[in-house]
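In short: position in the first sequence from 1, add 2, done, that's our numbering. Even glycine gets a Cβ: it sits at the ideal position worked out from N, Cα and C.
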Amino acid sequence: MSLYLTNTLSGKKELFKPLGDPVKIYICGMTVQGPPHFGHMRAYITSDILIRYLQFSGYKTKVVQNFTDIDDKVIEKAQEQKIDYRVIAQKNIDEYFEVADKMNIKRADIYPKATQHIQEIIELVQKLIDKGFAYESDGDVYFSVNNFKDYGKLSKKKLEDLIAGARVEIREHKKNPADFALWKAAKKDEPYWQSPWSNGRPGWAIECSAMSICHLGETLDFHLGGEDLVFPHHENEIAQSEAATGKEFVRFWIHNAMLNLTGEKMSKSTKHFITAKELLSKYSANVIRLYFLKSHYRSPQEFDFSILDSSKEGWARIEEFLYAVEENHAKANPKSEALNPKLVEAMDDDLNTPKVIALVFDAIKDGFNALQNKNSEEINNKYNEVLFYLSNLGFRTDIKYRTEKRISMSGGTTASSSIEYRDVTKFVNAQELAKTKGHYNIANLIEASINIIDMNMLIPIIRSIARDLAREKKEFEISDLLRKGLEEMGFTLEDTDKGTRIKRKK
RNA sequence: GGCGGCAUAGCCAAGUAGCCAAGGCGGCGGUCUGCAAAACCGCUAUUCAUGGGUGCAACUCCCAUUGCCGCCUCCA
């Protein structure tokens, strides 16, 4: 195993060697001022892919993902809405889990919150003051960037440039304009905690240092997050942590590129975003995952519904293949040692998921060919190959998570209104049920009708059966008319040797 | 203004100093089908923003130009 990953620190692909067992991973979580949006999903899909691959490669992992539940923006939101900041934070945390679980993002081992670590934060700030890296000023505490010689090593910034830019907040009680707050004294009506310097709250970034050191120790294998966190957030974390411990803070800094919405970064501050929840109501988790993994995590990605639609069609092809095999041959046999080399070759190269997706489609093409040639050994091999890649990329392949295009006769039963559960075999069987020895039979037809639970499906199913009867009598004008009618209702019929499938149109 | 990154077909998107520049979507032609749909087969970048340079050889390395993006303020 030789996994190469681009380390932001060096800007190069580096060979990963773990520090010890388990591999220590810190994921920079959300500041829960608002609900998770599509950009967050990209970040957490990226970390999910890395963690899954490390585990696939045999490493044990310890994963910590924080929630920053106190900061200026959270307070601002609370004051706007005149409710307690904790209510806002919790609401957004709940929504995060709802979305992440739906997306099949593996849960971290620990989800610490900033407000649960105030004591550790205060101790860390005190340590920095004692060591001469920080100073108190009017109840605030600032980190003195001049005293930390490596400041700027992650973002490749020079101190002079930062000040020349003149966009840093100038405050008279800062010694250097680039100094950043470790502790902020509370203003009127703001939540606060007692500290040796003032009643106040942590600055932004110190909580991550405190929580990662607390849960993972002074040196981590990985620290993950969006590219927009490189400066100042991660730069500041390095300064604080390394100044305090005297040790290397993080060995691998992994950053995913931004997601742009019509050419502009999706972000909470500009209100320019689509919430994850909203998106999940329009597209299945698998389609969204495919959309992300088709691009490399370090390339900026454009967001557009038409691009997402093309992923939806791509995913439909994947499902089409799985169904086609399962209808006749289904033999899942996920032990696929022989398949490892191709996956490993792609993933070892900085998690090249687009390459793995290409492997999936290559296998599907071979698989469909085998299906046409009725080569059952090859069919099985390709079927298992596809499942192998998909499951290692975190897709959900069991039938109940499959999509929107297939319709089941008893559609509503298993997953209520979920668009994710549609099982074609039930419908095909139902049609068969209406027949005795290959011929329609009134008694059976009545029984089949009674079994239709989803009333929206009643007419399509009856019409489909009527069409089938017309076809048996070679009344093609009538059968075409019936199909045309269904077409207008939004259903496509497919005649197969197993019966007629009804599919909801794209 | 400073720092960093990116420019590959109608769209999305990998990749490499030298075999046919992955894959998906879309489109076109064909096979199958009562007709369809799905599937299959074939076609869809003599070329990788532009101009130079270094190599036997560059889309891939270097320089310049243009355009786009990110960060420099809270952000995944």
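Alpha carbon of residue i to alpha carbon of residue j, nearest angstrom
{"i": "D103", "j": "A468", "result": "42 Å"}
{"i": "E229", "j": "R503", "result": "46 Å"}
{"i": "V232", "j": "S286", "result": "31 Å"}
{"i": "I359", "j": "K62", "result": "26 Å"}
{"i": "D482", "j": "E496", "result": "13 Å"}
{"i": "G41", "j": "L52", "result": "17 Å"}
{"i": "E16", "j": "K402", "result": "40 Å"}
{"i": "Y87", "j": "A183", "result": "21 Å"}
{"i": "M349", "j": "Y6", "result": "9 Å"}
{"i": "I77", "j": "Q92", "result": "13 Å"}
{"i": "L392", "j": "L310", "result": "18 Å"}
{"i": "H39", "j": "M491", "result": "34 Å"}
{"i": "M411", "j": "K296", "result": "Here M411 scores only 37 on pLDDT, less than 50, and its place in the model should not be relied on; the value that follows carries that caveat. Cα-Cα distance, rounded: 34 Å."}
{"i": "L282", "j": "S197", "result": "43 Å"}
{"i": "N443", "j": "D470", "result": "13 Å"}
{"i": "L345", "j": "P356", "result": "11 Å"}
{"i": "N446", "j": "I463", "result": "14 Å"}
{"i": "R300", "j": "A259", "result": "5 Å"}
{"i": "K19", "j": "V25", "result": "9 Å"}
{"i": "G263", "j": "E315", "result": "It is Leu, not Gly, that sits at residue 263 in the sequence shown. Roughly 21 Å between the two C-alpha positions."}
{"i": "N371", "j": "D400", "result": "23 Å"}
{"i": "K79", "j": "D96", "result": "17 Å"}
Heavy atom of the ligand MG within 7 Å of residue i beta-carbon
{"i": "D73", "result": "Ligands in the displayed structure: none, and consequently the ligand MG is not present."}
Collapsed DSSP secondary structure at residue i in the structure displayed
{"i": "N258", "result": "strand"}
{"i": "G154", "result": "coil"}
{"i": "K196", "result": "Looking at the sequence provided, one finds Gln at residue 196 rather than Lys. Reduced to three states, the DSSP call for Q196 is coil."}
{"i": "G316", "result": "helix"}
{"i": "D368", "result": "helix"}
{"i": "F18", "result": "coil"}
{"i": "T502", "result": "strand"}
{"i": "L11", "result": "coil"}
{"i": "D96", "result": "helix"}
{"i": "H1", "result": "Because residue 1 is not part of the residues shown, which for the chain are 3 to 508, the question remains open."}
{"i": "L222", "result": "strand"}
{"i": "S139", "result": "strand"}
{"i": "D191", "result": "coil"}
{"i": "P356", "result": "helix"}
{"i": "V34", "result": "coil"}
{"i": "R109", "result": "coil"}
{"i": "E387", "result": "helix"}
{"i": "E477", "result": "coil"}
{"i": "L310", "result": "helix"}
{"i": "K296", "result": "coil"}
{"i": "I29", "result": "strand"}
{"i": "Y403", "result": "helix"}
{"i": "D351", "result": "strand"}
{"i": "G60", "result": "coil"}
{"i": "H42", "result": "helix"}
{"i": "E250", "result": "coil"}
{"i": "P24", "result": "coil"}
{"i": "R398", "result": "coil"}
{"i": "H495", "result": "Note that residue 495 is Leu in the sequence shown here, rather than His. Of the three classes helix, strand and coil, the one that applies to L495 here is strand, per DSSP."}
{"i": "G134", "result": "coil"}
Option nearest residue i by Cα separation, candidates the options
{"i": "L292", "options": "R300, F251, L395", "result": "L395"}
{"i": "M105", "options": "E379, F294, K115", "result": "F294"}
{"i": "R398", "options": "I290, N375, K505", "result": "I290"}
{"i": "I461", "options": "R485, E479, N443", "result": "R485"}
{"i": "A245", "options": "I276, E477, K160, E220", "result": "E220"}
{"i": "P193", "options": "L261, D71, G248, L389", "result": "D71"}
{"i": "R109", "options": "E125, T438, S49, I124", "result": "S49"}
{"i": "C210", "options": "K19, V346, I123", "result": "I123"}
{"i": "P37", "options": "K186, F275, G22", "result": "F275"}
{"i": "A365", "options": "R203, D74, N382, A80", "result": "N382"}
{"i": "N149", "options": "Q242, T8, F363, L373", "result": "Q242"}
{"i": "Q374", "options": "F323, L226, D400", "result": "F323"}
{"i": "F363", "options": "R319, A212, L164, F478", "result": "R319"}
{"i": "K159", "options": "H175, A180, K176, D140", "result": "A180"}
{"i": "G501", "options": "R473, L488, I480, F478", "result": "R473"}
Supposed close pair residue i, residue j - CB separation, criterion 8 Å
{"i": "Y28", "j": "F224", "result": "7 Å"}
{"i": "M32", "j": "F69", "result": "6 Å"}
{"i": "C30", "j": "H119", "result": "At roughly 15 Å, the Cβ-Cβ gap does not stay under 8 Å, so C30 and H119 are not in contact."}
{"i": "V127", "j": "V143", "result": "6 Å"}
{"i": "R404", "j": "E321", "result": "5 Å"}
{"i": "E56", "j": "R253", "result": "According to the sequence displayed, residue 56 carries Leu and not Glu. About 14 Å; that fails the 8 Å criterion."}
{"i": "W199", "j": "E237", "result": "That belief does not hold up - the Cβ atoms of W199 and E237 are roughly 23 Å apart, past 8 Å."}
{"i": "E387", "j": "L353", "result": "That pair is no contact at about 20 Å."}
{"i": "V66", "j": "S214", "result": "7 Å"}
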